[in-house]
Structure formats: structure tokens, C-alpha cells
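Residue numbers (the UniProt record's numbering): 1 to 107. Okay, structure first, notes after.
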Amino acid sequence: MSKPSVDAFFVGRAVAEGLYEQLENILTNALSELGKFDAEQRERLRQFTDQVLERANLEAQMTHQGTSSSVSRSNSQSIDLQATIDELRAEVAELRSELQRYRNRNQ
1 MSKPSVDAFF VGRAVAEGLY EQLENILTNA LSELGKFDAE QRERLRQFTD
51 QVLERANLEA QMTHQGTSSS VSRSNSQSID LQATIDELRA EVAELRSELQ
101 RYRNRNQ
């Protein structure tokens with residue numbers, strides 16, 4: 001065997017390994033983002049369900065007690081708190097994604 005053909009073999013092998021690593025990173029990142037998205041959507045659905053049930057319970061209590069003004073004030077405060085929590089969770093998810101992109105660029 002001549003030396004150029006052996007060198008070409010090792011170069012081709014290194015290129016194939018490099019491409020495999022890149023593909024692995026891309027696939028891992030895509031699956032990670034998909035998993036995050038799925039988890040976020042499940043959490044949002046759970047929160048929505050909790051809010052609906054809470055509203056239904058509050059309305060049932062209002063029917064029994066007749067105290068609509070105090071219940072509606074506490075309900076709006078809990079919705080505002082929930083909105084703040086949702087915004088903070090979205091920011092955390094965005095920061096995690098940015099950190100992952102930063103780590104990938106520096107590898």
C-alpha cells in the first residue's frame with residue numbers, strides 16, 4: 001500500500017468521526033429542546049387545569065356564601081402571582097437554552 005492511500009483512509013475516518021460527533025450533538029440538542037418543550041407544555045396544561053378547578057371551587061363557594069367581592073379580589077391576586085411565576089419559568093428556560101448554546105460554541 002502506498003502512503004497517500006493510507007493517509008487518505010485516516011483522513012476520511014477522522015472526517016466521518018467528526019461528522020458523527022456533530023450529528024450526535026445536533027440530535028442531542030434537538031431532543032433536549034423537544035423534551036423541554038414537552039415538559040413546559042405539560043406544566044402549562046397542569047397549571048391551566050388547576051386554575052380552572054380553583055375558579056370552579058371559588059364560584060361554588062361564592063354561591064354558598066354570597067361573598068363575591070372578596071373572592072374575586074383574591075382570585076385576581078392568585079392569577080397575577082401565577083402569571084409572574086410563569087414568566088420566571090419562561091426566563092429560566094430561555095437562559096438554560098442560551099447557556100447550552102454558549103457551551104456548544106466553546107467546545
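Glycine included, every Cβ here is placed at the ideal spot set by N, Cα and C. Every value quoted in this text rests on a predicted model; they were computed, and no experiment measured them.
Span separating the alpha-carbon of S68 from that of L58: Residue placement at S68 is flagged as unreliable, the pLDDT there being 48, under the threshold of 50; the coordinate-derived value follows with that caveat. Taking C-alpha positions only, S68 is separated from L58 by approximately 9 Å.
Length of the line joining the Cα atoms of R44 and L34: Near 15 Å, if we compare the C-alpha coordinates of L34 and R44.
N106 versus L23: straight-line alpha-carbon distance, rounded: For N106 and L23, the distance between alpha carbons rounds to 17 Å.
Sufficient close CB pairs (3 or more, under 8 Å) joining the region 85–98 to the region 13–28: Look at the beta carbons and you see the region 85–98 not touching the region 13–28: under three pairs across the two are nearer than 8 Å.
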